[in-house]
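Number of protein chains: 2
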Amino acid sequence: MLLYDYFRSSAAYRVRIALALKGVPVERRFVHLLRDGGEQKQPAYLAKNPQGLVPALELDDGTVLTQSLAIIDYLEALQPEPRLIPADPIRAARARAAALAIACDAHPLGNLRVVSYLQQQLGQSERAVLDWRRHWASLGLEAVEALIRPAPFCFCVTPTIADVCLAPHVFYAERFGVSLDPYPNIRAVAAVCAEHPAFQAAHPAAQPDAAEAAAGP
Amino acid sequence: MLLYDYFRSSAAYRVRIALALKGVPVERRFVHLLRDGGEQKQPAYLAKNPQGLVPALELDDGTVLTQSLAIIDYLEALQPEPRLIPADPIRAARARAAALAIACDAHPLGNLRVVSYLQQQLGQSERAVLDWRRHWASLGLEAVEALIRPAPFCFCVTPTIADVCLAPHVFYAERFGVSLDPYPNIRAVAAVCAEHPAFQAAHPAAQPDAAEAAAGP
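Residue numbers (the working numbering), protein chains in the order written: chain D, 14 to 230; chain Z, 14 to 230.
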């Protein structure tokens with residue numbers, strides 16, 4: 014399998030964590046979101062993922078899967094252990110809800126193409142864009158703070174899809190200066206994630222393409 | 014079970030479709046997103062869903078589930094037939110990806126709270142907000158157009174989670190004047206959905222709270 018990846022993409026980071034937790038090996042191609050006007054918008058990548066977003070997972074038969082949460086559900090079917098979706102339907106729904114509170118309601122607002130629209134179409138200043146990023150990142154943290162019950166991961170003794178989404182969101186929020194002080198549950202989970210080898214291996218700073226980092230999306 | 018619902022919410026509309034497809038009966042409470050400054054922001058509702066978003070599904074034991082896609086996965090476990098998530102993992106990933114291309118990358122950008130931020134914090138005009146809505150709605154349609162293979166629903170002879178998300182997105186896009194002309198796959202799916210009793214029963218215009226509609230989010 015081949016993962017189209019970018020070190021700072023929260024969505025790609027989720028998939029890297031899931032792959033590392035499940036011990037599924039992948040090759041990688043790095044899609045630099047800022048180089049040459051965005052490699053994700055170039056025909057070679059659009060042929061893989063017409064949405065022009067990372068990540069994408071290319072299977073050995075050439076099938077390309079997109080959308081981080083759909084890829085994670087696929088990995089869950091491919092390699093059920095360790096489970097990232099609790100077996101109990103109510104616990105599963107809670108873990109998925111925390112994941113979706115980030116993936117639907119927080120993360121997309123800070124996406125490169127949304128920020129570009131604010132700057133280019135709406136003429137917003139750097140300061141206004143930073144406030145925008147912080148506002149939606151904080152609302153995502155508030156939502157998750159109320160949903161999770163650290164044990165010590167968001168809901169269980171082992172990571173679920175909620176942790177897989179939360180760690181990248183915490184990375185994003187801190188990168189843009191959002192304090193975790195108001196969120197004790199999230200601070201507790203972030204601390205155990207930071208000690209976990211799979212989360213460490215998936216961290217943006219540990220990726221080969223991080224070395225090339227410029228200021229970035 | 015009790016569904017906290019609002020007729021025009023795309024996310025609530027998805028859950029109504031899933032409930033109707035599965036024939037799961039629910040009571041409903043209507044949470045009017047515009048009345049009295051937004052009933053979703055009032056303490057009575059925040060006690061149910063601290064995120065202040067609809068829908069929420071309250072189970073008979075008082076457990077409250079949030080996030081439309083998490084609720085739909087819960088309903089899939091509760092009442093597996095008819096399946097909304099294909100059994101084959103690759104087909105499931107494709108259906109989920111189309112659903113998420115709407116639920117993550119398109120729908121949140123047009124949410125009431127995002128539009129309010131554009132108007133109030135960023136001082137954007139009605140025209141600029143309409144352009145914003147149309148831009149992200151169109152990108153969502155483009156993404157789905159490239160992913161689906163009508164058969165005659167998005168991927169199968171029966172509706173999946175992709176159709177459950179697409180029909181509300183089409184309703185939203187058309188409401189704000191986005192033409193479906195460039196999207197023949199979506200037009201084909203929208204036509205079969207419009208003829209399906211579960212989609213008809215879930216349509217915003219068929220809801221009891223629609224009668225009270227004012228200009229709306």
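Heads up, the beta-carbon is just placed ideally off N, CA and C, and yes, glycines get one too.
Model, not experiment: these values are computed from the prediction.
Could you check what DSSP says for residue i in three-state terms: helix, strand or coil?
{"i": "Phe212/D", "result": "helix"}
{"i": "Asp176/Z", "result": "helix"}
{"i": "Val233/Z", "result": "Absent from the structure is residue 233/Z, since the part of chain Z shown begins at 14 and ends at 230."}
{"i": "Leu113/Z", "result": "helix"}
{"i": "Tyr17/D", "result": "strand"}
{"i": "Leu70/Z", "result": "strand"}
{"i": "Phe168/Z", "result": "coil"}
{"i": "Arg162/Z", "result": "coil"}
{"i": "Glu94/Z", "result": "coil"}
{"i": "Gly189/Z", "result": "A small correction: the amino acid at residue 189/Z is Phe; Gly does not occupy that position in the sequence shown. In this structure, Phe189/Z counts as coil in the three-state DSSP scheme."}
{"i": "Ala228/D", "result": "Low confidence applies here, because Ala228/D scores a pLDDT of 48, under 50, leaving its location unreliable and the question unanswered by this model."}
Quick one, which of the options has its alpha-carbon nearest residue i's?
{"i": "Asp176/D", "options": "Ala218/D, Arg188/D, Gly136/D, Pro99/D", "result": "Pro99/D"}
{"i": "Ile174/D", "options": "Val39/D, Glu208/D, Asp49/D, Ala105/D", "result": "Ala105/D"}
{"i": "Leu66/Z", "options": "Leu72/Z, Leu78/Z, Asp74/Z, Asp73/Z", "result": "Leu78/Z"}
{"i": "Arg96/D", "options": "Tyr196/D, Phe168/D, Tyr17/D, Glu71/D", "result": "Phe168/D"}
{"i": "Asp118/Z", "options": "Gln80/D, Gln220/D, Glu139/D", "result": "Gln80/D"}
{"i": "Lys61/Z", "options": "Arg27/Z, Tyr26/Z, Gln213/Z, Asp18/Z", "result": "Asp18/Z"}
{"i": "Pro93/Z", "options": "Gln220/Z, Leu32/Z, Glu208/Z, Leu47/Z", "result": "Leu32/Z"}
{"i": "Leu154/Z", "options": "Tyr130/Z, Leu131/Z, Arg200/Z, Arg126/Z", "result": "Arg200/Z"}
Is it the case that the Cβ atoms of residue i and residue j are separated by a distance below 8 Å?
{"i": "Pro247/D", "j": "Leu135/Z", "result": "Examination of residue 247/D is not possible in this model, given that chain D is present from 14 through 230 alone."}
{"i": "Ser23/D", "j": "Pro172/D", "result": "no"}
{"i": "Asp86/Z", "j": "Arg109/D", "result": "yes"}
{"i": "Leu82/D", "j": "Ala111/D", "result": "no"}
{"i": "Val37/D", "j": "Leu72/D", "result": "no"}
{"i": "Ala215/D", "j": "Ile30/D", "result": "yes"}
{"i": "Pro195/D", "j": "Pro121/Z", "result": "no"}
{"i": "Asn198/D", "j": "Pro165/D", "result": "no"}
{"i": "Ser64/D", "j": "Ala114/Z", "result": "For clarity, residue 64/D is Gln in the given sequence; the question names Ser instead. Yes, the pair counts as a contact, with Cβ atoms nearer than the cut-off."}
What's the C-alpha gap between residue i and residue j?
{"i": "Gly51/D", "j": "Phe43/Z", "result": "44 Å"}
{"i": "Ala156/D", "j": "Leu34/Z", "result": "29 Å"}
{"i": "Ala116/Z", "j": "Pro210/D", "result": "31 Å"}
{"i": "His45/Z", "j": "Pro56/Z", "result": "14 Å"}
{"i": "Ala228/Z", "j": "Ala69/Z", "result": "Model confidence at Ala228/Z stands at a pLDDT of 48, short of 50, so the residue's coordinates are unreliable; what they give is reported in the following sentence. Taking the straight line from one Cα to the other gives about 23 Å."}
{"i": "Gln133/Z", "j": "Leu15/Z", "result": "34 Å"}
{"i": "Tyr185/D", "j": "Ala218/Z", "result": "40 Å"}
{"i": "Ala224/Z", "j": "Val28/Z", "result": "20 Å"}
{"i": "Val183/Z", "j": "Arg107/Z", "result": "19 Å"}
{"i": "Asp49/Z", "j": "Asp74/D", "result": "55 Å"}
{"i": "Gln53/Z", "j": "Ala25/Z", "result": "13 Å"}
{"i": "Arg41/Z", "j": "Cys178/D", "result": "31 Å"}
{"i": "Leu47/D", "j": "Tyr58/Z", "result": "42 Å"}
{"i": "Val161/D", "j": "Val128/D", "result": "According to the sequence provided, residue 161/D is Ile. The question's Val does not apply to it. Taking the straight line from one Cα to the other gives about 29 Å."}
{"i": "Leu193/Z", "j": "Gln220/D", "result": "41 Å"}
{"i": "Arg21/D", "j": "Gln137/D", "result": "23 Å"}
{"i": "Val170/Z", "j": "Thr76/D", "result": "21 Å"}
{"i": "Gly123/D", "j": "Leu131/D", "result": "10 Å"}
Closer than 8 Å is the cut-off here; do at least three beta carbon pairs connect the stretch 147 to 164 of chain D with the stretch 184 to 194 of chain D?
yes
Pairs of beta-carbons, one from the stretch 140 to 147 of chain D and one from the stretch 201 to 216 of chain D, closer than 8 Å: are there three or more?
no
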